[in-house]
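Engineer: Can you read through this structure? Questions will come right after.
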Amino acid sequence: MTYDAATKMQFLYALRSKGVTDARVLTAMEQVDRADYVRGTFADRAYEDMPLPIACGQTISQPSIVGIMTQALQITPRDKVLEIGTGSGYQAAILSKLARRVYTVDRYRRLVHAARAIFEADNIANITAFTADGSYGFAEQAPFDRILLTAAAEDPPGPLLAQLRIGGIMVLPVGQSDTVQSLIRVTRHEGGFDYDELRPVRFVPLLEGLGQD
Ligand code: SAH
Numbered sequence: 243m244t245y246d247a248a249t250k251m252q253f254l255y256a257l258r259s260k261g262v263t264d265a266r267v268l269t270a271m272e273q274v275d276r277a278d279y280v281r282g283t284f285a286d287r288a289y290e291d292m293p294l295p296i297a298c299g300q301t302i303s304q305p306s307i308v309g310i311m312t313q314a315l316q317i318t319p320r321d322k323v324l325e326i327g328t329g330s331g332y333q334a335a336i337l338s339k340l341a342r343r344v345y346t347v348d349r350y351r352r353l354v355h356a357a358r359a360i361f362e363a364d365n366i367a368n369i370t371a372f373t374a375d376g377s378y379g380f381a382e383q384a385p386f387d388r389i390l391l392t393a394a395a396e397d398p399p400g401p402l403l404a405q406l407r408i409g410g411i412m413v414l415p416v417g418q419s420d421t422v423q424s425l426i427r428v429t430r431h432e433g434g435f436d437y438d439e440l441r442p443v444r445f446v447p448l449l450e451g452l453g454q455d
């Protein structure tokens, strides 16, 4: 299957019908061919609105959830964004179309290497992908205008809250790994943090330390 005009139209229609309505987000998602990020046997299902398996026992998120999270971040073109959970690199590629600079981190070296190769093939030059335990954020580049977690934490990790700029927004799933999780948005103000609950979601858990692969 190719990412031709008809496929794109159908893909975007499905996103809109699930609540992705921000025109800039839809344009960014139109520009990134999800099939580049889904390899092997599942590649022909890349344009369906479902999560799919990737290497290291992880998943590429459902496109409509990617859209909803991206929309909730309200990214502006000057923003420096940190993503925890590179996975396939798909979400980072979409962030890269909206932000000035994207840092993305995964605990699996193999996923980071695969994602870097796709960014290069797709001529995306404003993403830095690296291997680390993202629970600690990336102090060297802090503060960030936006932070996105694509793995579920029990609570927003303290180092990430600390690395969010005042006026900045962080979006993350919170909850126990195998039970119901909520997508929440944290906004940092001069005096503290505001929390909005957006919707129920289901993500792989945020784990400690580096992966084996
Ligand atoms: N954003 C991805 C989907 C990510 S799935 C995409 O667009 O495809 C969640 C990812 O979070 C997995 O790849 C997992 O390895 C990673 N992860 C889990 N805990 C982590 C941690 N502490 N630090 C960095 N990455 C982590």
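Counting in our numbering, the final residue of the sequence shown is number 455, and the numbers go up one at a time with none missing.
All C-beta atoms in this analysis are idealised placements derived from N, C-alpha and C, irrespective of residue type, glycine included.
Keep in mind the model is a prediction, meaning the values are calculated, not measured.
1. Shortest alpha-carbon distance to A404 belongs to which of R430, T421, M292, V413?
2. Could you say which of G417, G400, C298 lies nearest to G434 if we only look at CA atoms?
3. Which whole-angstrom value is the C-beta distance of N368 and R342, which I expect to be below 8 Å?
4. Does the structure place the stretch 324–335 close enough to the stretch 273–287 that three or more beta carbon pairs sit under 8 Å?
5. From this set, V280, L406, Y378, V428, which residue's C-alpha is nearest A356's C-alpha?
6. Looking at K260: is its Cβ nearer than 8 Å to the Cβ of S306?
7. By the three-class DSSP mapping on this structure, what secondary structure does L257 have?
8. Within the same chain, show all residues whose beta-carbon is closer than 8 Å to that of P442, passing over the 5 residues directly before and after it, in chain order.
9. For R441, decide whether its Cβ has a neighbour in chain B, counting only Cβ atoms nearer than 8 Å.
10. Is I317 near ligand 1, judged by its Cβ being under 7 Å from some heavy atom?
11. In chain order, which beta strand (DSSP E) runs of at least 3 residues are fully inside the stretch 322–358?
12. For G453 versus R287, is the C-beta distance shorter than 8 Å?
13. Run through DSSP, which three-state label would G409 get?
14. Within 7 Å: the Cβ of V446 and any heavy atom of ligand 1?
15. Nearest-angstrom Cα distance between T328 and K322?
16. Just to confirm my understanding: we take G376, look at its own chain, exclude 5 residues before and 5 after, and list those with CB closer than 6 Å. What are they?
17. How would you label M311, buried or exposed, when you count the other beta carbons within 10 angstroms and need 16 or more for buried?
18. Please determine, among S330, D278, A285, the residue with the shortest C-alpha to C-alpha distance to S303.
Structural biologist: According to the structure data:
1. R430
2. Comparing Cα positions, the closest option is G400.
3. 7 Å
4. Touching, yes, given that three or more Cβ pairs across the two stretches are closer than 8 Å.
5. V280
6. yes
7. helix
8. Non-local beta-carbon contacts of P442 in its own chain, meaning distances under 8 Å to residues more than five positions away in sequence, involve V422, Q423, S424, L425 in chain order.
9. This model lacks chain B altogether, as it is built from one protein chain only.
10. no
11. 322–326, 343–348
12. no
13. strand
14. yes
15. Cα to Cα, T328 sits roughly 16 Å from K322.
16. I326, V347
17. Here M311 is buried, its C-beta having at least 16 other C-beta atoms within 10 Å.
18. Nearest C-alpha to S303: S330.
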